[in-house]
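Peer 1: Mapping of the sequence shown onto the working numbering: position 140 corresponds to residue 161, and the numbering continues sequentially without gaps. The structure under discussion is supplied below as structure tokens; questions concerning it will follow.
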Amino acid sequence: MDTTSTLGQHYAQILGLEEPWVVTGVELDTDGQKLIIRVSTPKRTKLPCPECKKLCAKEDHREERTWRHLDTMQFETLIKCRIPRVNCGEHGILSADVPWSDSFSRFTLLFERFAIDVLLVARSIKSAKGLLRISWDQVHEFCGIAVIIIKHKSFLSLLRNKLAKFIKIEWS
Ligand SMILES: [Zn+2]
């Protein structure tokens, strides 16, 4: 077992990846303070159709996408992957589901959860933005997700109060 595969397995464990998903590379950009984790699936692996979950052969791959994950130490951590497309006899050619994120998000599920927790406990939306190192557009994205995910009324009213304060300060 060489160092690269051990490192790959280490990051796969941290990300909670299971077969057939594997870490194929880890790059450290010290100038940009970024850690890039590349994830892929082996060549002939079958993957579940996102509709019926039946195991299907891979057709091809989509262009590379990037997801922001929880930081590793002070390094912004990014997952990069070309999502495979599967060919299902019943549903046609579709992008496979990835275990770390929902279809349209640019963040991993763990980062989304963390960002929502930070938005709820931070003194202001502005300070949460600073802590998370995200843009205002992304703040809005997370507030939208929070409203969908968090059903509990007290959490919602807390978020509404914060949003009201934020809108008054930032947009008035
Ligand atoms: Zn299918």
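Just so you know, even glycine gets a beta-carbon here, dropped at the ideal spot from N, CA and C.
Just verifying my parser: in three-state terms, what is the DSSP assignment at Q34?
Peer 2: helix
Peer 1: Is E111 a contact residue of ligand 1, with contact defined as CB to any heavy atom under 7 Å?
Peer 2: yes
Peer 1: At which residues does the alpha helix (DSSP H) containing F135 begin and terminate?
Peer 2: 130-142
Peer 1: Just verifying my parser: in three-state terms, what is the DSSP assignment at W157?
Peer 2: Residue state, collapsed to three classes: helix.
Peer 1: Exposed or buried, G29, counting other C-beta atoms within 10 Å across all chains shown (16 or more means buried)?
Peer 2: buried
Peer 1: Among residues of its own chain, excluding the 5 on either side of K55, which ones have a beta-carbon nearer than 7 Å to its beta-carbon?
Peer 2: The answer, listed in chain order, is F96, E97, L99.
Peer 1: Report whether the distance from the Cβ of C164 to the nearest heavy atom of ligand 1 is below 7 Å.
Peer 2: no
Peer 1: Taking DSSP as the reference, what is the three-state secondary structure of E39?
Peer 2: coil
Peer 1: Check this for me: beta carbons of C70 and R86, under 8 Å apart or not?
Peer 2: no
Peer 1: Which residues in the same chain as V43 place their Cβ atom closer than 8 Å to its Cβ, once the five residues preceding and following it in sequence are excluded?
Peer 2: G29, A33, V60, S61, T62, P63
Peer 1: Can you give me the C-alpha to C-alpha distance between I166 and P41, rounded to a whole angstrom?
Peer 2: 29 Å
Peer 1: Taking the C-alpha atoms as reference points, what is the distance between I57 and F128?
Peer 2: 14 Å
Peer 1: If you measure from the CB of K67, is any heavy atom of ligand 1 nearer than 7 Å?
Peer 2: no
Peer 1: Apply the 10 Å Cβ neighbour rule to K79 and answer buried if 16 or more other Cβ atoms are within range, or exposed otherwise.
Peer 2: buried
Peer 1: Excluding the 5 residues preceding and the 5 following E111 in the sequence, name in chain order all residues of the same chain whose CB lies nearer than 7 Å to its CB.
Peer 2: C73
Peer 1: Using DSSP with H/G/I as helix, E/B as strand and the rest coil, what is C164?
Peer 2: helix
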